[in-house]
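Numbering (our numbering), first residue to last: 83 to 366. Note that the Cβ used here is the ideal one computed from N, Cα and C, for glycine as well.
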Ligand SMILES: [Zn+2]
Ligand SMILES: [Zn+2]
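Next up, the structure:
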C-alpha cells in the first residue's frame, strides 16, 4: 500500500513541480496581454484534445475504469492527448486515481479535502512524494499499463507531446499562440481537473449514499465535460456515462457515444438511474 495523503507525506514541497506550476501561472497571466483569434483557436482545440478526449475520455473513463474499449491505436492516440494536460503520464495518473477510488475520503486517499481543501486542490501535487516516491507501490495498481511498453515510455516522456504542441502553436499563431495554447490553456485545464478532487468532494448534492463525500456539482461538470457528476461516478465507477439524467450534461460521454456510432468504441458500460434504488450495489 503506498503511503499517500497529507499526513503520510508530511507536506514537503517538490521544487521542480512547484517551479513549473508557478511559471505556467505567470505565463497564463502574460497571455491575457496578447490576445489574437488564432491564439484563442489554439487554446480551444488543445483544451478539447487534452481535457475532454485526453483526461476525461482516455485517462479516466477508458484507462482507469475501463468503461469501454477502443482499438489499441486509438487508445494510444487518446492517451497521448491526455499528456497535453500536464497531469503526468498514464501510469502516474491512473494508479493514483485507482487509489483514490479504493480509499476515497479515508486514510491513504491521495487528495481528500478531509486534509484541507487547498491540499485536495493542489497541495498534493506540489508535495513531492505522490509524484516521485512510492513508484513501485503505485505500479501494483496498474499492471495493465506497466505491461505495455508504450505506456511505460509515455509515462517517462509525458512532457514531449506538450513541447511538440507548443512548437505547433508557435508556428501557427506566434507568441500569442504559444502563451494561449500552452500556458493559459494548461493552467485553466489543471484547475478544472483539480476542482474534481477538491470541489466535488465538498460542494454539491448527493444522490447516492456512497462511502465517500463525493457530490454532483453542475458547474464543475460544465468546466470538465461531465466529470463533475462525481457522486454518480463514485456510485457507478465503471459507467462510461457520468450524467445519469438528460439535464446532467456529459460531453465526454457524448464523445464516447460518437465513437460507438463510428464503430470504434465497444462494450460501453452505462449505469441506469433507478429512483427506487438509489443505493448502488457495493456502496456502504
Ligand atoms: Zn472522487
Ligand atoms: Zn474515477
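With respect to 8 Å, is the separation between the Cβ of residue i and the closest non-hydrogen atom of ligand 1 below this value?
i: residue 298; result: no
i: residue 279; result: yes
i: residue 182; result: yes
i: residue 142; result: no
i: residue 294; result: yes
i: residue 273; result: no
i: residue 312; result: yes
Here's the rule I'm using: 16 or more other beta-carbon atoms within 10 Å means buried, otherwise exposed. How should residue i be labelled?
i: residue 88; result: buried
i: residue 218; result: exposed
i: residue 198; result: exposed
i: residue 178; result: buried
i: residue 153; result: exposed
i: residue 287; result: exposed
i: residue 301; result: exposed
i: residue 225; result: exposed
i: residue 235; result: exposed
i: residue 141; result: buried
i: residue 345; result: exposed
i: residue 239; result: exposed
i: residue 329; result: exposed
i: residue 349; result: exposed
i: residue 117; result: exposed
i: residue 188; result: exposed
i: residue 135; result: buried
Kindly indicate which three-state DSSP category residue i falls into: helix, strand or coil?
i: residue 287; result: strand
i: residue 143; result: helix
i: residue 296; result: coil
i: residue 215; result: Low confidence applies to residue 215: its pLDDT is 48, below 50, so where it sits in the model is not reliable enough to give any reading.
i: residue 266; result: helix
i: residue 186; result: coil
i: residue 156; result: helix
i: residue 244; result: helix
i: residue 260; result: helix
i: residue 95; result: strand
i: residue 209; result: strand
i: residue 345; result: coil
i: residue 311; result: strand
i: residue 222; result: coil
Find out if the Cβ-Cβ distance for the pair residue i, residue j is shorter than 9 Å.
i: residue 355; j: residue 314; result: yes
i: residue 168; j: residue 268; result: yes
i: residue 114; j: residue 166; result: no
i: residue 186; j: residue 294; result: yes
i: residue 112; j: residue 252; result: no
i: residue 338; j: residue 150; result: yes
i: residue 125; j: residue 256; result: no
i: residue 193; j: residue 182; result: yes
Compute the minimum distance between the beta carbon of residue i and the heavy atoms of ligand 2, and state whether it is under 8 Å.
i: residue 319; result: yes
i: residue 188; result: no
i: residue 306; result: no
i: residue 193; result: no
i: residue 147; result: yes
i: residue 315; result: yes
i: residue 283; result: no
i: residue 179; result: yes
Measuring CA to CA, which of the options is closest to residue i?
i: residue 173; options: 149, 123, 227; result: 227
i: residue 206; options: 305, 343, 103; result: 103
i: residue 334; options: 250, 322, 326, 97; result: 322
i: residue 47; options: 133, 98, 191, 289; result: Outside the displayed range of the chain (83 to 366) lies residue 47, so it cannot be described from this structure.
i: residue 277; options: 146, 261, 304; result: 304
i: residue 200; options: 316, 283, 161; result: 283
i: residue 130; options: 306, 159, 118; result: 306
i: residue 170; options: 241, 349, 133; result: 241
i: residue 196; options: 296, 95, 98, 309; result: 296
i: residue 96; options: 204, 147, 273; result: 204
i: residue 258; options: 94, 86, 107, 119; result: 119
For ligand 4, is there a heavy atom less than 8 Å away from the beta-carbon of residue i?
i: residue 196; result: Ligands in the displayed structure: ligand 1 and ligand 2; ligand 4 is not one of them.
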